[in-house]
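Okay, so here's the structure we're looking at.
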Amino acid sequence: MDLSQVVPGIIDTHIHQWDPFTTPREASRLAPLYRRAPGLFERLMPVLLDRGGRELILTAQHVARAYLPADYAADVATVQTVLGVPVTDAVHVQCGWHRPDQSEETAWLDALPFGVEGRPRLAAIVGNADPRDPEFARHLDDHAAASSRFRGIRFMTAHHPDSGVKSWIEEPGVLTSAPVLRGLAALVERGLTLDTFVFSHQLREVATLAAEYPELTIVLDHYATPIGLLGPRGKATGRTEAERLDLLARWRDDIAVVAEHQNVVAKHSGLAFPPLGHSARDLDRSRLAELVAPLVEHTTTVFGAERLVFGSNYPMDKPVARIETILGALVDLLAPHGPDLVRKVLHDNAQRVYSL
Numbered sequence: 005m006d007l008s009q010v011v012p013g014i015i016d017t018h019i020h021q022w023d024p025f026t027t028p029r030e031a032s033r034l035a036p037l038y039r040r041a042p043g044l045f046e047r048l049m050p051v052l053l054d055r056g057g058r059e060l061i062l063t064a065q066h067v068a069r070a071y072l073p074a075d076y077a078a079d080v081a082t083v084q085t086v087l088g089v090p091v092t093d094a095v096h097v098q099c100g101w102h103r104p105d106q107s108e109e110t111a112w113l114d115a116l117p118f119g120v121e122g123r124p125r126l127a128a129i130v131g132n133a134d135p136r137d138p139e140f141a142r143h144l145d146d147h148a149a150a151s152s153r154f155r156g157i158r159f160m161t162a163h164h165p166d167s168g169v170k171s172w173i174e175e176p177g178v179l180t181s182a183p184v185l186r187g188l189a190a191l192v193e194r195g196l197t198l199d200t201f202v203f204s205h206q207l208r209e210v211a212t213l214a215a216e217y218p219e220l221t222i223v224l225d226h227y228a229t230p231i232g233l234l235g236p237r238g239k240a241t242g243r244t245e246a247e248r249l250d251l252l253a254r255w256r257d258d259i260a261v262v263a264e265h266q267n268v269v270a271k272h273s274g275l276a277f278p279p280l281g282h283s284a285r286d287l288d289r290s291r292l293a294e295l296v297a298p299l300v301e302h303t304t305t306v307f308g309a310e311r312l313v314f315g316s317n318y319p320m321d322k323p324v325a326r327i328e329t330i331l332g333a334l335v336d337l338l339a340p341h342g343p344d345l346v347r348k349v350l351h352d353n354a355q356r357v358y359s360l
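Sequential numbering from 5 applies to the sequence shown in the numbering used here.
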């Protein structure tokens, strides 16, 4: 498919920016060690990081160094050469600001040099706030005051029963707990979006939330990552082909239930996310498409053309595949659905979902 005849530019709805040396990040403690001795750090990763951390990142080189607008621009520079159109805009999704005032990250992002020297523009910011917090509404207003690009929050409730898989919250079931359901009223009142990051066995929680707040736009990140779908992860997840086939079957059923709720939008993101079970580095376009085809094709079928957007999840997906590889694999899988769907996924829907 010649994208230059289909879409004016690509909107990437899921990127991360950080600098562990000047901003408070989880990697800030270990980043100086990596900078001094990257090879030694990589060899010591089994000691420095637990299994879940290692399987999340595969290599420290992309998280223990700054990743800023110039770095992202360099990563997307070849997209136009390969696919015929550039990445023109990006949506930043919160990525672990380790201070009580999460609106500081929004203010920091707003000041970064996007949109200069040919770099993609920063079109929107998805911040961090916890709906369980009694001050949740005030925190939302602080984000809005920090940047006119603020569009919503991501609430990360991914929790896995396998202790070898990194969980992002202390206990299961938080997304549909009474405090969260009460707190999200403030998000609805302000017309803001909710990005959700859950694992596949938690998809029914997203459906419950969508039914509770049908007026809330909920964006499902990374296909509700089915941990271990492509290979073993954690201590005992995805160990056999039979387990992985069962995982895929349950994911298919549960994401179809979520898709019944018209207020849920799915991101074609995290195609090269290491926790899926990717074992190879720098995959080529055809191999990546082959691996993720079940995720892309089923999600496209159940959500339809109007409720899908694209996200690179960069630089988290960078160890496994380049951005042009991720985009190329996705376009190859979407092309049979026609140019209108491709345009909506890569451009139009993002404008509507995030009010760009």
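Don't be surprised by glycine CBs; every beta carbon is placed ideally from N, CA and C.
- Here His102 carries a coil assignment [DSSP, helix/strand/coil].
- Considered as a whole, the stretch 163 to 240 harbours 182 to 187, 189 to 193 and 207 to 216 as its complete alpha helix (DSSP H) runs of no fewer than 4 residues, in chain order.
- A residue is called buried when at least 16 other Cβ atoms come within 10 angstroms of its Cβ; Ser8 does not meet this threshold and is exposed.
- When rounded, the separation of the alpha-carbon atoms in Leu116 and Ala253 is 43 Å.
- Of the residues Asn267, Trp255, Glu245 and Pro343, the one whose Cα lies closest to the Cα of Val202 is Trp255.
- For Pro298, the closest C-alpha among the options Ala148, Leu334 and Ser316 is that of Leu334.
- Within 10 angstroms of the beta-carbon of Asp199 lie 16 or more other beta-carbons, which makes it buried.
- The Cβ neighbour count for Asp105, taken over all protein chains shown within 10 Å, is under 16; the residue is labelled exposed.
- Look at Ala94 here: in three-state DSSP terms it is strand.
- Within the stretch 120 to 157, the complete beta strand (DSSP E) segments of 3 residues or longer fall at 125 to 131, listed in chain order.
- When DSSP states are grouped into helix, strand and coil, Asp286 belongs to the coil group.
- CA-CA distance, Trp112 to Ala150, rounds to 9 Å.
- Per DSSP, the beta bridge partners of Val268 are Ile222.
- Note on Asp79: 16 or more other CB atoms within 10 angstroms of its CB, so buried under the neighbour-count rule.
- When C-beta atoms of the stretch 53 to 64 are compared with those of the stretch 124 to 134, fewer than three pairs fall below 8 Å, so the two segments do not count as touching.
- In the structure shown, Phe277 adopts coil according to DSSP, grouped into three states.
- For the 9 Å CB-CB criterion, Ala276 and Gly168 do not form a contact.
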